[in-house]
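Working notes for the structure below.
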Amino acid sequence: MPTSVVLVDDHELIRHGLAVAFAREDGFVVVGEAATIAEAHLQTGALRPDVVVIDLRLPDGSGLDLVRSLRKERDDLGLVVLTMYAGDEQIFAAMDAGASAFVGKDAPSGEVIAAARHAAVAPRSFTCAGLPEAMMRRLSSTTPRLSDRERQVLDLLADGLGVATIATNLYISESTAKTHIAKVYEKLGAGNRAQALVAAMRMGLIDATPPPS
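Be aware that the sequence shown starts at 1226, since it is given in our numbering, and climbs by one per residue.
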C-alpha cells in the first residue's frame, strides 16, 4: 500500500506544488489537503493518513499546536514540519512538539519527500538537515567556559577531594581553593558539590561516574 499523505498549508500554490512532487514519487498518494488547523483535524480524523506535512504558520494558530495535538492522538503518525522560518529555535520547538522531521521551504522537493519517507517509517525519530549544527550551537552557548584552573578544581571535586586536599594538590592556599570552587559553582549554576557534579555531567564536562568513596 502507498504511504498516504495529508498536506496542511494555507497557500494553495504550495499545496499544489507539494502534491505534484509526491505524485511523481513511487509509494506515495496525497489523500487530502487542508488550509487551517481545524480543517487538518477533520482531514486526519476522517482519512487516517500515514504522514501529515504541516506549515509552521497557519491562519488559526501555530502548526506546532497541530503537531502536538496530532501526536497525542496518534503515536504512529508521521509529522513533517515545513516552514519558511528554519532557525535553531524553530528546529528545537518542532522536535519538542513531537515532529518526525523539519524541512525549510527553500529546500528541494526531494528533501520533503525524504522527510516524509523517514516520518512514515520512524515517526518518533526526529530528523532535520541542520540538526547537528544547531545542536553544536546550542551546546556552545549553554556550556560555561571554565578556566584551566577551574577545570582542575572541578576534576578534583569529581574525585571526591575536600578543600584542603584540593589546595595541597594544586599548591595553592585553602582560601584560593575556596574561591575557585565558588567560581565553579557559580558558572555551573550550582549551590553545592553534588549539584555542581550533576550539572557538569549533563554538560559533558566530566564523566558520569561516581567519585571514589
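Glycine included, each C-beta is placed from N, C-alpha and C at the ideal position.
Predicted, not measured: the structure shown is a model, and the values here were computed from it.
- Query: Within 10 angstroms of its Cβ, does residue 1333 collect 16 or more other Cβ (buried), or is it exposed?
  - Reply: Position 108 of the sequence shown, counting from 1, holds the residue named residue 1333. Exposed.
- Query: Quick one: complete beta strand (DSSP E) runs, 3+ long, within the region 1283 to 1316?
  - Reply: Along the length of the region 1283 to 1316, whole beta strand (DSSP E) runs at least 3 residues long occupy 1303 to 1308, reported in chain order.
- Which of the three DSSP states, helix, strand or coil, is assigned to residue 1400? By one-based count along the sequence shown, residue 1400 stands at place 175. Residue 1400 falls in the helix class under three-state DSSP.
- Just how far apart, CA to CA, sit residue 1398 and residue 1408? Against the sequence shown, residue 1398 aligns to sequence position 173. Against the sequence shown, residue 1408 aligns to sequence position 183. One C-alpha to the other measures close to 15 Å.
- Nearest residue (CA-CA) to residue 1328, options 1339, 1322 and 1230: Mapped onto the sequence shown, residue 1328 falls at position 103. Of 1339, 1322 and 1230, the smallest CA-CA separation from residue 1328 is found for 1339.
- Message: For residue 1231 and residue 1256, which I take to be in contact (beta-carbon distance under 8 Å), what is that distance rounded to the nearest angstrom?
- Response: Taking the first residue of the sequence shown as position 1, residue 1231 is located at position 6. Taking the first residue of the sequence shown as position 1, residue 1256 is located at position 31. A Cβ-Cβ separation of about 6 Å places residue 1231 in contact with residue 1256 under the 8 Å criterion.
- Message: Could you compute how far the alpha carbon of residue 1249 sits from the alpha carbon of residue 1344?
- Response: For the purposes of this step, residue 1249 is taken as residue 24 along the sequence shown, with counting starting at 1. For the purposes of this step, residue 1344 is taken as residue 119 along the sequence shown, with counting starting at 1. Their backbone Cα atoms lie some 18 Å apart in a straight line.
- Counting Cβ pairs, one atom from each stretch, are 3 or more of them under 8 Å apart for the region 1405 to 1419 and the region 1381 to 1392? With the cut-off at 8 Å, the region 1405 to 1419 and the region 1381 to 1392 touch.
- Measure the alpha-carbon distance for residue 1235 versus residue 1259 and round it to whole angstroms. Within the sequence shown, numbered from 1, the residue matching residue 1235 stands at position 10. Within the sequence shown, numbered from 1, the residue matching residue 1259 stands at position 34. If you take the alpha carbons of residue 1235 and residue 1259, they lie about 7 Å apart.
- Helix, strand or coil for residue 1438, going by three-state DSSP, please let me know. As a working mapping, residue 1438 is identified with position 213 in the sequence shown. The predicted position of residue 1438 is uncertain, since its pLDDT is 42 and thus under 50; no value can be drawn from it.
- Who does residue 1327 pair with in a DSSP beta bridge? Numbered from its first residue, the sequence shown carries residue 1327 at position 102. Answer is 1306 and 1353, bridged to residue 1327.
- Item | As assigned by DSSP and simplified to three states, the class of residue 1321 | By one-based count along the sequence shown, residue 1321 stands at place 96. Collapsing the DSSP output to three states places residue 1321 in a helix.
- Distance, residue 1372 Cα to residue 1271 Cα: In the sequence shown, residue 1271 corresponds to position 46, counting from 1. In the sequence shown, residue 1372 corresponds to position 147, counting from 1. C-alpha separation (whole angstroms): 59 Å.
- Task: Express the C-alpha separation of residue 1293 and residue 1387 in angstroms, rounding to a whole number.
- Result: Your numbering for residue 1387 matches position 162 in the sequence shown. Your numbering for residue 1293 matches position 68 in the sequence shown. The straight-line gap from Cα to Cα measures roughly 48 Å.
- Write down the C-beta distance between residue 1336 and residue 1347 rounded to the nearest angstrom, noting that I regard them as a contact closer than 8 Å. The residue you call residue 1336 lines up with position 111 of the sequence shown. The residue you call residue 1347 lines up with position 122 of the sequence shown. That pair is no contact at about 16 Å.
- Distance between residue 1253 and residue 1262 (C-alpha atoms, nearest Å): Translated into the one-based positions of the sequence shown, residue 1262 becomes position 37. Translated into the one-based positions of the sequence shown, residue 1253 becomes position 28. Taking the straight line from one Cα to the other gives about 23 Å.
- Determine the contact status of residue 1287 and residue 1305, defining contact as a CB-CB distance below 8 Å. Along the sequence shown, one-based indexing puts residue 1287 at 62. Along the sequence shown, one-based indexing puts residue 1305 at 80. Result no, Cβ atoms of residue 1287 and residue 1305 do not sit closer than 8 Å.
- Query: Which value, in whole angstroms, describes the spacing of the CA atoms of residue 1341 and residue 1303?
  - Reply: As a first step, residue 1341 is located in the sequence shown; it is residue number 116 there, counting from the start. As a first step, residue 1303 is located in the sequence shown; it is residue number 78 there, counting from the start. Each residue's Cα considered, the two are about 7 Å apart.
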